[in-house]
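In what follows, a single structure is set out as structure tokens and then discussed.
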Amino acid sequence: MKVLVVGSGGREHALCWAISASPLCDTLWCAPGNAGIADVATCVPIGAEDVEGLLAFVRDNAVDFVVVGPEGPLVLGLVDRLDAMGVKAFGPSAAAAALEGSKGFMKDLLAKYAIPTAEYRRFTEVEAARAYVRDTGAPIVVKADGLAAGKGVTVARTVEEALAAVDEALVDGRFGAAGAEVVIEEFLDGEEVSFFALCDGTTALPLVSAQDHKAVGDGDTGPNTGGMGAYSPAPALTPELQARVMREIVEPTVRGMAAEGRPFKGVLFAGLMIIDTPTGKVPKTLEFNVRFGDPECQTLMMRLKSDALAALVAAADGVLGSIDLRWYDETALCVVMAARGYPGDYAKGTEIRGLDAAGAVEGVTVFHAGTKRADDGRVLATGGRVLGVTALAPTVREAQARAYTAVDALDWPDGFCRRDIGWRAVGR
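The end of the sequence shown is residue 602 by the numbering used here, with every number in the run present.
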């Protein structure tokens with residue numbers, strides 16, 4: 175098969191790394207890719223949201239299969255356009271991608287099909303939103319309805335903080351059209367985990383659990399980011415809880431989307447909160463994403479024994495029932511190296527050295543996110559989250575040790591990372 179992966183982040187590097195190992199893959203391109211992806215795929219300079227440019231490339235190069243990494247092109251309808259051309263793709267239609275593209279749509283679907291989630295209300299009018307915040311009190315969560323590049327959610331500890339978040343979206347227009355409506359919801363207290371399932375429109379095939387670290391600083395302090403690290407499996411999501419998540423959340427969502435005339439194909443990424451109750455632990459849905467998580471994808475691909483491409487094609491073909499996925503029992507742990515200053519302003523174009531030494535550590539693969547190769551061969555940082563140093567080892571403690579050994583082998587004074595990725599699992 176001739177395969178095109180769309181995107182340029184650590185998620186896409188992990189997908190290219192896994193797909194390149196498939197005997198089904200003859201030719202692999204990535205648009206636009208990055209310096210690390212160039213080691214396993216041919217990078218083509220087409221932006222992930224340049225739908226017309228991507229379609230022209232697919233047509234001109236007789237691409238057989240397209241794997242869409244980020245949410246932007248999915249919401250823009252890239253898969254619909256490929257389908258109209260007769261080209262298979264992994265990812266949902268624009269109608270199904272509304273599960274991530276509109277938090278209001280997602281919450282309404284969950285309510286309609288009695289899928290456990292936080293209480294919520296939707297607002298487009300600022301005074302009504304302010305009144306609801308004052309009546310409800312804090313802590314409370316304010317979310318921009320649309321895609322806001324991971325910056326549209328405020329977990330407000332005070333009423334004042336919540337009111338400021340409402341004004342930021344509805345008055346100041348910080349998120350543009352994405353913030354023209356806000357969802358205000360109940361604060362859920364518990365342990366947050368990620369769960370993934372491949373979907374083919376009717377069938378859902380569970381993958382494995384992972385736990386992300388959103389806050390920028392050790393001990394989960396500081397502002398939220400796109401993710402500073404992850405590990406898989408997540409001990410908080412026991413086999414019993416996983417079965418319950420499939421039964422009460424994933425499968426009803428897939429049935430509900432089909433009933434709404436929006437059959438979901440691709441990967442369903444459920445952000446869950448595991449809540450302690452007098453009768454035991456209960457999973458509730460925080461959000462859905464319609465693509466692999468980043469950095470969770472890096473840990474999933476490291477643990478996957480089976481042919482990744484065969485599984486993605488089966489989801490697109492509607493035959494997931496024929497797939498039996500096998501996984502390494504080991505723990506995979508990813509430490510994100512970010513540019514100093516992230517998630518605020520950060521410098522671009524700084525040189526990263528020591529990549530070979532880091533990749534030589536036993537069990538470690540360094541996935542690139544925001545990098546490019548200069549004309550003289552140097553690897554330069556171009557984004558906020560720049561590298562995903564990912565280790566596979568028999569235990570979470572050993573995976574953590576390997577990952578940080580590799581981090582310490584890097585020579586990048588302008589980068590930083592959290593030093594406690596996996597702390598919950600190590601503590602257990």
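Each residue gets a CB set at the ideal place from its N, CA and C atoms; glycine is no exception.
Quick check on residue i: buried or exposed, where buried means 16 or more other Cβ atoms within 10 Å of its Cβ?
i: PRO397; result: exposed
i: MET475; result: buried
i: ASP374; result: buried
i: THR564; result: buried
i: PRO413; result: exposed
i: LYS317; result: buried
i: PRO587; result: exposed
i: SER383; result: buried
i: VAL493; result: exposed
i: LYS281; result: buried
i: ARG552; result: exposed
i: ASN235; result: exposed
i: THR608; result: As shown, the chain starts at 175 and ends at 602. That puts residue 608 outside it, with no answer to give.
i: THR395; result: exposed
i: LYS388; result: buried
Measure the alpha-carbon distance for residue i versus residue j and round it to whole angstroms.
i: ALA432; j: PHE438; result: 7 angstroms
i: ARG255; j: ALA488; result: 20 angstroms
i: ALA351; j: LYS325; result: 14 angstroms
i: GLN385; j: GLY537; result: 20 angstroms
i: GLU572; j: GLU434; result: 46 angstroms
i: GLU226; j: VAL261; result: 14 angstroms
i: SER276; j: LEU250; result: 13 angstroms
i: GLN416; j: PHE541; result: 28 angstroms
i: VAL232; j: PRO206; result: 14 angstroms
i: ASP594; j: ILE211; result: 27 angstroms
i: LEU228; j: GLY221; result: 8 angstroms
i: THR376; j: THR556; result: 40 angstroms
i: ARG547; j: VAL214; result: 14 angstroms
i: VAL464; j: ALA288; result: 20 angstroms
i: ALA534; j: ARG576; result: 11 angstroms
i: TRP136; j: THR328; result: Outside the modelled stretch of the chain, which goes from 175 to 602, sits residue 136, for which no answer is possible.
i: LYS479; j: GLU186; result: 18 angstroms
i: GLY170; j: ASN208; result: Residue numbering for the chain in the displayed model covers 175 to 602; residue 170 lies beyond these limits and cannot be assessed.
i: CYS199; j: ASP481; result: 10 angstroms
i: GLU245; j: GLU461; result: 14 angstroms
i: PRO380; j: ALA404; result: 18 angstroms
i: GLY445; j: LEU252; result: 24 angstroms
i: PRO266; j: VAL428; result: 12 angstroms
i: ALA567; j: MET511; result: 20 angstroms
i: ALA272; j: ALA599; result: 33 angstroms
Give me the DSSP bridge partner(s) of residue i.
i: LEU379; result: LEU372
i: PHE590; result: ALA512
i: GLN385; result: TYR405
i: ALA330; result: ILE314
i: ALA506; result: SER406 and LEU566
i: ASP585; result: ARG527
i: VAL493; result: DSSP lists no partner for VAL493.
i: GLY391; result: THR395
i: GLY181; result: PRO206
Between residue i and the ligand SAM, is the CB less than 6 angstroms from at least one heavy atom?
i: GLY401; result: As far as ligands go, the structure on display features none, and thus does not contain the ligand SAM.
Cβ contact (3+ pairs, closer than 8 angstroms) linking the segment 354-362 and the segment 294-308: The answer is yes - the segment 294-308 touches the segment 354-362, with three or more Cβ pairs under 8 angstroms.
Three or more C-beta pairs closer than 8 angstroms, one from the segment 442-457 and one from the segment 480-495: is that the case here? No, the segment 442-457 does not touch the segment 480-495.
Restricting to runs no shorter than 3 residues, where is the beta strand (DSSP E) found entirely within the segment 229-273? You should have 239-242 and 262-264.
Residue ranges of each alpha helix (DSSP H) within the segment 403-468, 4 or longer: DSSP runs (the alpha helix (DSSP H)) wholly in the segment 403-468: 413-419 and 425-433.
With contact counted as at least three CB pairs below 8 angstroms, one residue from each stretch, are the segment 178-187 and the segment 222-241 in contact? Segments in contact, yes.
Meets three-Cβ-pair contact criterion under 8 angstroms: the segment 519-530 and the segment 399-412: With fewer than three CB-CB distances shorter than 8 angstroms, the segment 519-530 does not count as touching the segment 399-412.
Report the residue ranges of all alpha helix (DSSP H) runs contained in full by the segment 289-316; include only those spanning at least 4 residues, in chain order. The qualifying runs are 300-310.
What runs of the beta strand (DSSP E), each 3 residues or longer, lie entirely inside the segment 511-571? Runs of the beta strand (DSSP E) inside the segment 511-571: 538-542, 545-547, 553-555 and 559-567.
Kindly provide the ranges of any beta strand (DSSP E) runs that are 3 or more residues long and lie completely inside the segment 186-236, ordered along the chain. With a minimum length of 3 residues, the continuous beta strand (DSSP E) runs that stay inside the segment 186-236 are 201-206.
Stretch pair the segment 494-505 + the segment 555-562: three plus CB contacts closer than 8 angstroms: Contact annotation: the segment 494-505 does not touch the segment 555-562, with fewer than three C-beta pairs closer than 8 angstroms.
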